[in-house]
Each structure stands twice: as structure tokens, then as C-alpha cells.
Amino acid sequence: MEQEAWIQTMKNLESIRLFSSLLIRKTRKGALASAQEVDALFRIALKSGSTPLELSREMGISKTIVSRLIEQLTLKMLITKHYDRQDRRSCSLRITKEGRQELDNLCRYYLEPVCRLEREMDEESLRMLFSLIHRANQIMTKKKEEVF
Numbered sequence: 001m002e003q004e005a006w007i008q009t010m011k012n013l014e015s016i017r018l019f020s021s022l023l024i025r026k027t028r029k030g031a032l033a034s035a036q037e038v039d040a041l042f043r044i045a046l047k048s049g050s051t052p053l054e055l056s057r058e059m060g061i062s063k064t065i066v067s068r069l070i071e072q073l074t075l076k077m078l079i080t081k082h083y084d085r086q087d088r089r090s091c092s093l094r095i096t097k098e099g100r101q102e103l104d105n106l107c108r109y110y111l112e113p114v115c116r117l118e119r120e121m122d123e124e125s126l127r128m129l130f131s132l133i134h135r136a137n138q139i140m141t142k143k144k145e146e147v148f
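Under the UniProt record's numbering, residues 1 to 148 are what the sequence shown spells out, in order.
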């Protein structure tokens with residue numbers, strides 16, 4: 001990679017890091033759930049009956065980490081696991097009443113950065129931004145190949 005191209009790639013990466021850092025809220029002090037648990041809780045609320053494997057794919061994290069998240073959310077009584085009668089190894093996840101209340105309490109805090117973009121960007125730019133992010137996510141979740 002040429003020097004100028006390398007420098008531009010590093011600048012692009014820094015822009016992505018800064019955007020991610022500004023967009024993703026840190027866990028509030030004394031919060032019931034961690035930021036990653038809240039992410040999982042949001043996803044389970046949006047798609048009741050999700051499986052751990054689906055959650056792993058959607059979040060882009062390993063099944064081991066998802067298992068830990070599910071365990072923590074279950075212990076905190078924010079979700080429930082419903083096992084398949086035919087295959088006891090398979091389960092679906094559902095948010096509880098307590099989980100929904102916790103999510104409602106956290107919603108404004110975690111969604112504020114996106115709401116700010118919606119307020120301050122014109123509709124077409126916002127649509128294009130999310131369209132490009134969606135496309136980039138599709139590319140990044142494909143099987144990873146060696147770049148260099």
C-alpha cells in the first residue's frame with residue numbers, strides 16, 4: 001500500500017472510530033444492565049422468539065459471549081428462555097415485563113445520539129448514511145478474507 005493511501009486509510013479508520021465512540025453510549029453508573037446486555041435486550045424485544053444463534057449473528061459476537069449475556073439477562077429476570085419441546089437444546093428468548101420496563105427507562109439515554117442525527121441532518125442525508133452503514137455491515141459480516 002502506498003504511503004498516501006495508507007495515511008488516508010488510517011484517517012478513514014479514525015473517523016469510523018470517532019463516530020462509533022460518539023454514537024455508542026457507555027453504561028450509566030449503577031445501571032442494571034451493561035451496554036452489551038442492553039443491546040441484546042433491544043434485539044430480543046424487537047424480535048421476540050429470537051434464538052441464541054440469531055442473536056450471535058445479529059450482534060456479530062461469539063456464541064460463548066451470547067451465552068453469558070443470556071445467562072446474565074435471565075438471572076436479572078429481564079428475559080426468559082423457552083425450550084423447544086422436541087429439542088431441549090434449542091430455545092427462544094423473550095423479554096419479560098421487568099425487561100420491558102428496564103428497556104423503556106434506558107431507551108431515551110441510548111437512542112439520544114441517533115435522535116440527534118435525525119434532528120440535525122436532512123432526511124436524504126440521513127437515509128443515505130444509514131443505507132451506507134447497512135451496506136458496510138453486510139460486507140463486514142460476510143466471511144472474512146485476507147485483505148493484504
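We treat Cβ as the ideally placed atom computed from N, Cα and C, and that holds for glycine.
{"Query": "Coarse secondary structure for LEU93, derived from DSSP in three states", "Result": "strand"}
{"Query": "Close Cβ partners of VAL38 (< 7 Å) along its chain, the five nearest in sequence each way excluded", "Result": "LEU106 and TYR110"}
{"Query": "Reduced DSSP secondary structure (H/G/I, E/B, other) of LYS11", "Result": "helix"}
{"Query": "Check whether LEU103 and LEU41 have beta carbons under 7 Å apart", "Result": "yes"}
{"Query": "Proximity of ILE79 and GLY99 at Cβ, strictly below 7 Å", "Result": "yes"}
{"Query": "C-beta atoms of MET77 and THR96 nearer than 7 Å", "Result": "yes"}
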